[in-house]
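These notes are about the structure you will find just below.
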Amino acid sequence: LFGYSGSGKTWLYQQVFDREKIQYSVVDAASMRGDSFGSIFDNFLAMKGIRKPTSETLKIGGDNSPIAGEALRKNRETDPAYETMKYVGRHSKSGQKSVLVIDNTETIVGYEKALISLGNLIRRCTENEYAKTNCSILLV
Numbered sequence: 014l015f016g017y018s019g020s021g022k023t024w025l026y027q028q029v030f031d032r033e034k035i036q037y038s039v040v041d042a043a044s045m046r047g048d049s050f051g052s053i054f055d056n057f058l059a060m061k062g063i064r065k066p067t068s069e070t071l072k073i074g075g076d077n078s079p080i081a082g083e084a085l086r087k088n089r090e091t092d093p094a095y096e097t098m099k100y101v102g103r104h105s106k107s108g109q110k111s112v113l114v115i116d117n118t119e120t121i122v123g124y125e126k127a128l129i130s131l132g133n134l135i136r137r138c139t140e141n142e143y144a145k146t147n148c149s150i151l152l153v
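Be aware that the sequence shown starts at 14, since it is given in this note's numbering, and climbs by one per residue.
As structure tokens, this is what we get:
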């Protein structure tokens with residue numbers, strides 16, 4: 014969803030998801046620490062009791078090197094985005110697809126490394142293992 018801050022994007026997706034009985038979880042891009050989306054997923058997992066809060070966050074594409082990307086592909090269990098998507102997908106009702114909402118993405122505009130991180134996350138969502146999580150992503 015795209016629009017200016019305060020234009021009702023959050024209200025809109027909440028209304029549609031509630032009406033259609035789509036299960037969703039929300040992470041807030043405005044709470045990102047540093048230049049990587051890994052921190053917002055770490056926070057989500059810590060709040061669910063799956064991971065302890067940490068100051069060391071696996072970079073989700075903050076380092077745009079192919080070596081970093083290959084390391085993530087080899088060890089998805091350390092990727093907080095993958096773990097979050099698996100959690101959200103596992104908790105969907107009766108196998109229904111669920112949605113992970115990344116809210117307030119407008120807050121990262123102007124931060125090149127954060128945008129690269131987001132782009133790498135979107136690219137990885139097309140990989141088979143991520144697709145198997147039963148979780149879609151909505152950027153708001």
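Each residue gets a CB set at the ideal place from its N, CA and C atoms; glycine is no exception.
State the start and end residues of the unbroken alpha helix (DSSP H) segment that holds residue i.
| i | result |
| --- | --- |
| L151 | Element bounds for L151: not the alpha helix (DSSP H) but the beta strand (DSSP E), C148 to L152. |
| L131 | E125 to R137 |
| R103 | P93 to R103 |
Roughly how many whole angstroms lie between the Cα atoms of residue i and residue j?
| i | j | result |
| --- | --- | --- |
| E140 | W24 | 30 Å |
| G51 | C148 | 17 Å |
| K22 | S105 | 23 Å |
| D116 | K145 | 23 Å |
Considering only C-alpha positions, which residue in the set the options is nearest to residue i?
| i | options | result |
| --- | --- | --- |
| Y143 | I121, D55, I115 and V101 | V101 |
Following the continuous beta strand (DSSP E) through residue i, name the residue where it begins and the one where it ends.
| i | result |
| --- | --- |
| I53 | Here I53 belongs to no beta strand (DSSP E); instead the alpha helix (DSSP H) covers G51 to M60. |
| Y37 | Y37 to D41 |
For residue i, which three-state DSSP category applies?
| i | result |
| --- | --- |
| V114 | strand |
| L25 | helix |
| G19 | coil |
| I121 | helix |
| D48 | coil |
Exercise for the section: Could you say if the region 50 to 66 and the region 88 to 108 meet the contact criterion of at least three C-beta pairs nearer than 8 Å? Expected result: Inter-segment contact for the region 50 to 66 and the region 88 to 108 is present: three or more beta-carbon pairs are separated by less than 8 Å.
Handout entry: At least three beta-carbon pairs within less than 8 Å, the region 28 to 45 to the region 110 to 130
Key = Enough Cβ pairs lie closer than 8 Å, so yes.
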